[in-house]
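Visitor: Numbers given in our numbering equal positions in the sequence shown, counted from 1, plus 589.
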Amino acid sequence: MVSEIAYGNWITHGSQVEADAAHACVRAALDAGITTFDTADVYAGTRAESVLGDALAGVRRESYELFTKVFWPTGPGRNDRGLSRKHIIESCHASLRRLQTDHIDLYQAHRFDVETPLEETLRAFDDLVRQGKVLYVGVSEWNAEQISDAVRIAAEMGFDRIVSNQPQYNMLWRVIESEVVPTCERAGIGQVVFSPLAQGVLTGKYKPGEQPPPGSRATDRNGGADFIARWLDDDVLTAVQRLQPLADDAGLPLGTLAIAWVLQNPNVSAAIIGASRPEQVHANVQAAGVRLDDDLLKRIDEVLDPLVERDPGKTQQLAQRP
Ligand SMILES: NC(=O)c1ccc[n+]([C@@H]2O[C@H](COP(=O)([O-])OP(=O)(O)OC[C@H]3O[C@@H](n4cnc5c(N)ncnc54)[C@H](OP(=O)(O)O)[C@@H]3O)[C@@H](O)[C@H]2O)c1
Numbered sequence: 590m591v592s593e594i595a596y597g598n599w600i601t602h603g604s605q606v607e608a609d610a611a612h613a614c615v616r617a618a619l620d621a622g623i624t625t626f627d628t629a630d631v632y633a634g635t636r637a638e639s640v641l642g643d644a645l646a647g648v649r650r651e652s653y654e655l656f657t658k659v660f661w662p663t664g665p666g667r668n669d670r671g672l673s674r675k676h677i678i679e680s681c682h683a684s685l686r687r688l689q690t691d692h693i694d695l696y697q698a699h700r701f702d703v704e705t706p707l708e709e710t711l712r713a714f715d716d717l718v719r720q721g722k723v724l725y726v727g728v729s730e731w732n733a734e735q736i737s738d739a740v741r742i743a744a745e746m747g748f749d750r751i752v753s754n755q756p757q758y759n760m761l762w763r764v765i766e767s768e769v770v771p772t773c774e775r776a777g778i779g780q781v782v783f784s785p786l787a788q789g790v791l792t793g794k795y796k797p798g799e800q801p802p803p804g805s806r807a808t809d810r811n812g813g814a815d816f817i818a819r820w821l822d823d824d825v826l827t828a829v830q831r832l833q834p835l836a837d838d839a840g841l842p843l844g845t846l847a848i849a850w851v852l853q854n855p856n857v858s859a860a861i862i863g864a865s866r867p868e869q870v871h872a873n874v875q876a877a878g879v880r881l882d883d884d885l886l887k888r889i890d891e892v893l894d895p896l897v898e899r900d901p902g903k904t905q906q907l908a909q910r911p
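#1: My understanding is that L843 touches T792, with C-beta atoms under 8 Å, so please give their C-beta distance in whole angstroms.
#2: Checking the sheet assignment: what are the DSSP bridge partners for I693?
#3: To test your reading of the DSSP string, which unbroken alpha helix (DSSP H) runs of 4 or more residues are found completely within the region 784-818?
#4: Do A872 and ligand 1 come close, with the Cβ less than 7 Å from some heavy atom?
#5: Identify the continuous alpha helix (DSSP H) that holds V874 and give its terminal residues.
#6: What residue range is occupied by the uninterrupted beta strand (DSSP E) comprising A859?
#7: Identify every run of the alpha helix (DSSP H) within the region 656-691, keeping only runs that are complete inside it and at least 4 residues long; order them along the chain.
#8: Would K794 and Q830 be called neighbours here (beta carbons separated by less than 8 Å)?
#9: Tell me whether the beta-carbon of R670 lies closer than 8 Å to the beta-carbon of G642.
#10: In this structure, what does DSSP give as the bridge partners for N754?
#11: Under 8 Å: do the region 608-615 and the region 682-698 share three or more Cβ pairs, one atom per stretch?
#12: Do you know how far the Cα of T710 is from the Cα of R750?
#13: I believe T705 touches L672 by the beta-carbon criterion, under 8 Å. Please report the beta-carbon distance rounded to the nearest angstrom.
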């Protein structure tokens, strides 16, 4: 079981925000009923896991679910990356140390690795499960074929099966809907989706033709500004402003409407939100339990339709290891 809203610390912890602000966000998340926390070995050059480990120290381990990931480079060596047995086992041990725990609740393959046989990856994950270091295994940004292959191989080999996929999903980015979601529904796999606010763009705070608000991700020179840049397009920002009256009619802040939107998909188990300050956590958890009626969903589509990305080929695939 996970909380419908999860809290993730990409871009923020160990980078954009100081440790005090990071701890305050984790505290706000716990106070607001969030029990699911998502990080990765690679975030902030491994510092994000350490910050999260410090922030959760002393909290009863059984009361929250800790998710992390492996794949992206954590060091300069050719074995400090990918989904080989060597890197999975070594990175898992390093994550456990940084997170100050003896088990990870959900360990996710952060991308598909074309350079490792899938059997090797799944067996390494299965070994970690048998050792009790990992309780469940998931993937992130895998396409429908890769997910099907993993399910088939796990069944054939008797390995623990994957339970989740972590894709990008929001009102503007719907590439999972046509292939990944039907495949996962058949296999009993849930989506734990990231960037439900398109990194903050779907709160409406970035206005077309205006400078980004001070302190926002678009002003973060440690990497945040580069990642959000693709959304800071005047056509997108103008369309997002046109959603504001719809949110007003529904009596919801625009960001809350955007997070509630991803949760309407029955295959979505949780929306992972980011936050640089506690007030954002408190605002965003209001999306839990909100039902959006069909008329509102239709009006959202009418506003956004020409800008929505639906091509399943846009699932993030790498031709070789980074
Ligand atoms: N698997 C993957 O490859 C992958 C990739 C990306 C993310 N993720 C996961 O998903 C998590 C969330 O991603 P994300 O941070 O892009 O999610 P997001 O929820 O779309 O964006 C979060 C950012 O939006 C701004 N924001 C949030 N609430 C706001 C509010 N109420 N009002 C105004 N601004 C608000 C904040 O940035 P500012 O205050 O700085 O503007 C915040 O850091 C990550 O931490 C990570 O765990 C996974």
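Beta carbons are placed, not taken as given, at the ideal position from N, Cα and C, and that holds for glycine.
None of these values were measured; they are calculated from a predicted model.
Guide: Walking through what the data contain:
#1: 6 Å
#2: V723
#3: 813-817
#4: yes
#5: V874 -> no alpha helix (DSSP H), and no H or E assigned at all.
#6: 857-862
#7: 674-688
#8: no
#9: no
#10: V728, Q780
#11: no
#12: 12 Å
#13: 5 Å
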